[in-house]
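Below: the structure, in structure tokens.
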Amino acid sequence: MGPEILRDVSFHLPERSFQFLSGPSGAGKTTLLRLLFMSLKPTRGLITIFGKDRSAITRTELPLLRRNIGVVFQDFRLLDHLTTYENVALPLRVRGREESTYRSDVIELLKWVGLGERMHVLPPILSGGEKQRAAIARALIEQPRILLADEPTGNVDPQLARRLLRLLIELNRLGTAVLIATHDLGLMDQVDARRMVLSGGRLEIYD
Amino acid sequence: MTETKRLLKNLGTRISSGARGAVSRKQMPIVPPDNVAGRAMVLVIAIMTFLSCLTLGAVTLVRDTAATWQTQIAREATIQIKPEEGLDMASALAQARDIAASYPGVVDATVVDAQATARLLEPWLGTGLDIESLPVPRLVIVTIDPLSRPDFAAMRSQLQETVANATLDDHRTWVDRLVAMARTTVTIGMSALALMLSATALTVIFATRGAMAGNGHIIEVLHFVGAEAPFIASQFRRHFLLAGMKGAAAGGIGAILVFVGFYWWSSRNMATPEADQATALFGNFAIGPSGYIGVGAIVVVIAVLTAATTHVTVLSYLKNVDSTHPDSM
Ligand SMILES: Nc1ncnc2c1ncn2[C@@H]1O[C@H](COP(=O)(O)OP(=O)(O)OP(=O)(O)O)[C@@H](O)[C@H]1O
Ligand SMILES: [Mg+2]
């Protein structure tokens, strides 16, 4: 077993809250998000998600809980054989929704993030920033209760980053708790929000 | 208004009513078809279906033929009277016939007359012989109602008491042997069929596991967007059901072609010695309607078996992935 990446970390994400998670590369931001997303189990310690003890969550409950969590992965995790449109619509398809009930939503959202022209293109020929926007659109298409975004603006220019940040802020106003992991100080300065800083395996919170 | 529309409206977008630029082309399957259930698997399923259908065809052929023989034999019994010094053959035959005819369940009792007996012996003894001068056993053919068979035990003892040298053969031994043979053949055939279906299921298990390992990244993303295990299984199942149907249909059609070909061959060569042998054994080599229904049933069973096997395999695979690598779930 390797070294402990996170130690003595204790915090609470309230409903409808908005916060940044920062820290140097390798500090454990992605690891913390994976713990929250339940794609990683803590070796020790207690995690409670939507009032449920993580260790008591069964395999059948997990997918249903995850439907309340939107995730933007640092490495996007788009499916290469599905178009941008199909990738963004995937969470809805998985919920068994009819395509006609969500088609216009997906298209409007794609247009808003500037992918209106890239809708029927496969991810391998998208630019890094385009993939990132598709990943963001997929994470919030279902208006989750909480959005975990890992470097959501790492691959776009500052202007587009501001636009995407506005999207996340508006999502938060409509009731989604948002946690953005980033080391982009410029981005954090645009919003007056709680900052959680990871370093040396410990977490410090600046309200 | 949907949540997404409200979000975008708050951001200052003018939302059009219909979906502008909407495309209603068919969505790509979530699990791409080309890296699943390859041609090799379709071929294996086709071969297995073909062999299963042939086995089933052979089994029905044997069973039907045995049943025909059985009823033919069961319709008849014979009384044999051996000649002896001082025995009045004609009256013994008449007596035996009358006794047999007096039993309920006997439709008819006929003495095989001298000419007919001579004809029966012709192949061995040649023509123009005087049957009366030879010590040849004589027969009474008893025709039986197969639905209400007479009391053979009583008939046998009465014959033995009244007519000297009379023996009754109700062909029971033959019928019993036939039934046993047919049953053994059917059992062997059915076991072979079960083995073939198991082999098919195993092939599908291997193919499914391969497909799942090759699509691990897709399964991971599906987990992340909240897909439940049965949904993931259904995505794989649809490909395997299609492959199973293709393979099974091809195999079934192949088997029917073979049946039709055999039928055509046997009816074309009706007079040749080979065909005579086959005909003597199997009737006219026709697979009856039950055989064709059986082929249809096997095709359906194999397609469904393929889909069901895939479903179960995916579910147990997902369960295993979860318990051995909790990190990757
Ligand atoms: N599955 C794992 N097993 C062991 N160590 C891991 C695993 N995943 C990550 N790590 C280690 O944990 C540390 C934290 O990684 P993490 O990805 O959380 O960093 P990060 O803060 O997201 O960095 P970045 O800003 O570069 O994305 C790193 O040293 C990494 O090598
Ligand atoms: Mg990271």
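Chains A and B, in that order, are what the protein sequence lines are. Heads up: the first sequence begins at 0 in numbering that gives the first Met the number 0, then just goes up one per residue. Heads up: the second sequence begins at 0 in numbering that gives the first Met the number 0, then just goes up one per residue. Glycine included, every Cβ here is placed at the ideal spot set by N, Cα and C. Remember, predicted model here, so these are calculated numbers, not experimental data.
| Item | Value |
| --- | --- |
| Give the single residue among Leu146(A), Leu159(A), Gly174(A) whose Cα lies nearest to the Cα of Phe19(A). | Leu146(A) |
| Taking DSSP as the reference, what is the three-state secondary structure of Arg201(A)? | strand |
| Under 8 Å between C-beta atoms, does Asp188(A) make it to chain B? | no |
| How about Asp104(A): is its C-beta nearer than 8 Å to some C-beta of chain B? | yes |
| If the criterion is Cβ atoms closer than 8 Å, does the pair Val105(B) and Val141(B) meet it? | yes |
| Which term fits Leu45(A), buried or exposed, when burial requires 16 or more other beta carbons within 10 angstroms of its beta carbon? | exposed |
| Can you pull out the residues from the region 98-122 of chain A whose beta carbon lies closer than 9 Å to at least one beta carbon of chain B? | Glu98, Ser99, Thr100, Tyr101, Arg102, Ser103, Asp104, Val105, Ile106, Glu107, Leu108, Lys110, Trp111, Gly115, Met118, His119 |
| Return the residues of the region 166-178 of chain A that lie within a Cβ-Cβ distance of less than 8 Å from chain B, sorted by chain order. | Leu166, Glu169, Leu170, Arg172, Leu173 |
| Return helix, strand or coil for Thr77(B), following the three-state DSSP convention. | strand |
| Does DSSP put Ser51(B) in a helix, a strand or coil? | helix |
| Could you tell me which chain A residues have their CB closer than 8 Å to the CB of Asn9(B), listed as they occur along the chain? | Glu169, Arg172, Leu173 |
| Does the Cβ-Cβ distance between Val294(B) and Ala254(B) come in under 8 Å? | yes |
| Using three-state DSSP, classify Lys130(A) as helix, strand or coil. | helix |
| With DSSP collapsed to three states, give me the class of Lys40(A). | coil |
| Report the neighbours of Ile4(A) on chain B: residues whose CB is nearer than 8 Å to its CB, in chain order. | Chain B residues near Ile4(A): none, gap ~13 Å exceeds 8 Å. |
| Am I right that Met195(B) and Leu81(A) are in contact with their C-beta atoms under 8 Å? What's the rounded C-beta distance? | Actually they are not in contact, since the Cβ atoms of Met195(B) and Leu81(A) sit about 38 Å apart, beyond 8 Å. |
| At which residues does the beta strand (DSSP E) containing Arg142(B) begin and terminate? | Looking at the sequence shown, residue 142(B) is not Arg but Thr. Taken as a continuous stretch (DSSP letters only), the beta strand (DSSP E) holding Thr142(B) covers 137-143. |
| Between Thr207(B), Asp63(B), Gly188(B), which has its C-alpha nearest Thr54(B)'s C-alpha? | Gly188(B) |
| Please report the straight-line C-alpha distance between Val30(B) and Val61(B), rounded to a whole angstrom. | 45 Å |
| Judging by CA-CA distance, which residue of Ala153(B), Lys25(B), Thr59(B) is the nearest neighbour of Ile98(B)? | Ala153(B) |
| Counting only beta-carbon separations shorter than 8 Å, does Gln26(B) have a partner in chain A? | yes |
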